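Enquirer: In full-length UniProt numbering, the protein residues as written are 1 to 353.
Just so you know, even glycine gets a beta-carbon here, dropped at the ideal spot from N, CA and C.
Just so it is clear, the structure is predicted and the values come from calculations on it, not from any experiment.
Handing you a structure now.
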Amino acid sequence: MNFGMILIWISFICGLGATFASIRYNLNSDQRSGILTKKLEILCTLAVTLSSMILIIHLLSVNASYEYVYNHSSTDLSWFYRISAFWAGQQGSLLLWAWAILVMLMFVRYTGHTKELSESKLMDITTMVTMAIVSVFLILLVIDNPFSAFRVLPTGSIEPTNWNPFATLYNVPYGQGMNPLLRNPWMAVHPPMLFLGYAAFTIPFSAAVANLITKDNRWTLISRDWMRIAWLFLTLGIGLGGFWAYEVLGWGAWYWTWDPVETSSLIPWITATAYLHAQSRTKYGEYGFLAPFMAVVSFILVIFATFVTRSGIWASVHSWQDFTTEGLVIAIFLVLLTGGSIFLLGKRYLDEN
1 MNFGMILIWI
11 SFICGLGATF
21 ASIRYNLNSD
31 QRSGILTKKL
41 EILCTLAVTL
51 SSMILIIHLL
61 SVNASYEYVY
71 NHSSTDLSWF
81 YRISAFWAGQ
91 QGSLLLWAWA
101 ILVMLMFVRY
111 TGHTKELSES
121 KLMDITTMVT
131 MAIVSVFLIL
141 LVIDNPFSAF
151 RVLPTGSIEP
161 TNWNPFATLY
171 NVPYGQGMNP
181 LLRNPWMAVH
191 PPMLFLGYAA
201 FTIPFSAAVA
211 NLITKDNRWT
221 LISRDWMRIA
231 WLFLTLGIGL
241 GGFWAYEVLG
251 WGAWYWTWDP
261 VETSSLIPWI
271 TATAYLHAQS
281 RTKYGEYGFL
291 APFMAVVSFI
301 LVIFATFVTR
311 SGIWASVHSW
321 QDFTTEGLVI
331 AIFLVLLTGG
341 SIFLLGKRYL
351 DEN
């Protein structure tokens with residue numbers, strides 16, 4: 001039985017269920033919906049964590065019956081690179097991203113100074129928005145499951161299945177391993193730094209949306225530390241990527257060439273820097289509109305960077321694939337995200353002016 005595939009489905013159902021339960025709780029103050037939201041959040045986090053552990057085990061053991069393992073792991077790779085194969089492909093990187101967001105949400109809700117806000121409307125809306133974002137990533141993982149496995153059809157031919165967890169797997173004796181360009185120490189740490197940074201942008205965005213709806217100025221208690229974390233990881237990711245480009249790609253002895261994906265990751269770093277400055281002045285009554293504006297724009301630019309990377313529309317050494325269903329889902333998400341944000345920001349601006 002393909003337990004990893006089942007866990008991806010369970011995590012998607014729990015994530016979507018938590019989103020709708022949270023919406024109902026915020027609209028009707030139904031206590032049962034609030035309790036259900038918390039339970040589904042935890043179940044979703046556990047399911048994504050377990051599926052991530054299973055995928056890492058398959059990569060380490062080179063269980064090439066799974067298409068993702070076959071494409072990114074092989075016996076000639078050291079254990080270090082077999083683990084880094086987890087984020088070497090689209091499905092694995094999305095799984096890492098979703099897992100990081102969920103873990104960060106657990107920290108926000110149940111630890112530190114933000115725990116004091118756990119019963120506030122501000123935290124409820126922050127959670128609702130965060131779970132809605134996670135559900136989008138889980139939809140992408142359901143569409144293109146990291147546990148897609150090779151099976152033998154009655155005709156004797158072999159094909160990968162993305163939907164049947166009970167199919168008898170075909171034993172593939174070897175994996176083809178990672179792209180040679182990715183077999184580099186810098187590349188083993190560059191992507192997770194970026195994805196952890198991208199994941200951390202989710203919390204300030206959700207808190208900013210909650211502030212735009214509730215006008216609760218305590219949102220900075222949630223956003224400030226996580227934007228600093230996002231800025232730090234994004235800085236490390238961009239810097240480490242520059243070393244990789246210098247060593248492997250040979251960009252004329254330069255660390256930067258304004259590649260489309262490079263540039264798309266730099267822009268949210270700039271807006272995050274602007275947010276950190278604006279947020280430092282909000283306690284003095286300044287930048288009451290600019291701070292949430294920069295937090296929202298930073299996350300939108302992160303999703304735009306994801307679209308640039310995964311749509312295949314722009315020619316880049318970072319591109320994952322040609323434009324597919326996954327690229328279309330990200331494009332729709334980006335449009336809805338931008339439209340909703342413009343509405344909330346416009347409403348706040350008109351209210352204040």
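Helix or strand or just coil, what does DSSP make of A245?
Expert: It is helical.
Enquirer: Under a three-way DSSP split, which group does L169 fall into?
Expert: Strand at L169.
Enquirer: Go ahead and label M131 buried or exposed: buried means 16 or more other beta carbons lie within 10 angstroms of its beta carbon, across all protein chains shown.
Expert: Looking at its Cβ environment, which holds 16 or more other Cβ atoms inside 10 Å, M131 is buried.
Enquirer: Once DSSP output is grouped into helix, strand and coil, what is the label at F150?
Expert: The answer is strand: DSSP assigns F150 an E or B state.
Enquirer: Using 9 Å as the threshold, is the C-beta distance between T282 and N353 below it?
Expert: For T282 and N353, no; Cβs fall outside 9 Å.
Enquirer: Between the Cα of E247 and the Cα atoms of D225, T263, L181, L196, which residue gives the shortest distance?
Expert: Taking only the C-alpha atoms, the option nearest E247 is L181.
Enquirer: Pull up the distance between the alpha-carbon of H264 and that of I213, whole angstroms please.
Expert: The question names His, yet the displayed sequence has Ser at residue 264. About 29 Å.
Enquirer: Nearest CA to the CA of I332: which residue from R348, T235, F137, K215?
Expert: Nearest option by C-alpha distance: F137.
Enquirer: Where does F174 fall in DSSP's three states?
Expert: Before going further, note that residue 174 is Tyr rather than Phe in the sequence given. Y174: coil per DSSP, three-state reduction.
Enquirer: So, do the stretch 167–187 and the stretch 70–77 have three or more beta carbon pairs nearer to each other than 8 Å?
Expert: The stretch 167–187 is in contact with the stretch 70–77.
Enquirer: What did DSSP end up calling T161 once you bin it into helix, strand or coil?
Expert: T161: strand per DSSP, three-state reduction.
Enquirer: Go to L117, then tell me how far its alpha helix (DSSP H) extends in each direction, as first and last residue.
Expert: Where L117 is concerned, there is no enclosing alpha helix (DSSP H), given that its DSSP letter is neither H nor E.
Enquirer: Using a Cβ-Cβ cut-off of 6 Å (strictly less than) and excluding sequence neighbours within five positions of H58, which residues of its own chain qualify?
Expert: Answer for H58: Y66, V69, listed in chain order.
Enquirer: For T168, count neighbouring C-beta atoms within 10 Å of its own C-beta (all shown protein chains included) and say buried if the count is 16 or more, exposed if not.
Expert: Burial call: exposed.
Enquirer: Across which residues does DSSP place Y66 in a beta bridge pair?
Expert: The partner list for Y66 (beta bridge, DSSP) reads A149.
Enquirer: Alpha carbon to alpha carbon, how far is L345 from F289? Give it in angstroms, no decimals.
Expert: Rounded to whole angstroms, F289 to L345 spans 8 Å at the Cα level.
Enquirer: Can the beta-carbon of L46 be found closer than 9 Å to that of A21?
Expert: Not closer than 9 Å, so no.
Enquirer: Residue range of the alpha helix (DSSP H) that M187 falls in?
Expert: From DSSP, the alpha helix (DSSP H) with M187 extends over 185–200.
Enquirer: Output needed for K121: all residues of its chain with C-beta closer than 6 Å, excluding positions within five of it in sequence on either side, in chain order.
Expert: Only T214 meet the Cβ criterion.
Enquirer: With a Cβ-Cβ cutoff of 9 Å, do I330 and L102 count as a contact?
Expert: No, they are not a contact pair.
Enquirer: Which residues bound the alpha helix (DSSP H) around Y81?
Expert: Unbroken alpha helix (DSSP H) run through Y81: 79–84.
Enquirer: Using three-state DSSP, classify K38 as helix, strand or coil.
Expert: Residue state, collapsed to three classes: helix.
Enquirer: Classify T325: buried if its beta carbon has 16 or more other beta carbons within 10 angstroms, exposed otherwise.
Expert: Label assigned to T325: exposed.
Enquirer: Kindly indicate the opening and closing residues of the alpha helix (DSSP H) around L182.
Expert: Where L182 is concerned, there is no enclosing alpha helix (DSSP H), given that its DSSP letter is neither H nor E.
Enquirer: Just the Cα atoms here: how many angstroms apart are I13 and I238?
Expert: One C-alpha to the other measures close to 34 Å.
Enquirer: Going by the CB atoms, is the gap between D30 and Q90 shorter than 9 Å?
Expert: No; because the gap between Cβ atoms is not below 9 Å, this pair is not in contact.
Enquirer: From the DSSP output, in three-state form, read off A88 for me.
Expert: Correct three-state label for A88: coil.
Enquirer: From which residue to which residue does the alpha helix (DSSP H) around S265 run?
Expert: Segment 260–281, the alpha helix (DSSP H) holding S265.
Enquirer: In the structure shown, what three-state DSSP assignment does M1 receive?
Expert: Three-state DSSP puts M1 in coil, outside helix and strand.
Enquirer: Leaving out five residues on either side along the sequence, give the residues of the same chain with a beta carbon under 7 Å from the beta carbon of W219.
Expert: L122, A207, A208, A210, N211, listed in sequence order.
Enquirer: What three-state label does DSSP hand R218 in the structure shown?
Expert: In the structure shown, R218 sits in coil (DSSP, three-state: anything other than H, G, I, E or B).
Enquirer: Could you give the DSSP three-state label for T19: helix, strand or coil?
Expert: Three-state result, T19: helix.
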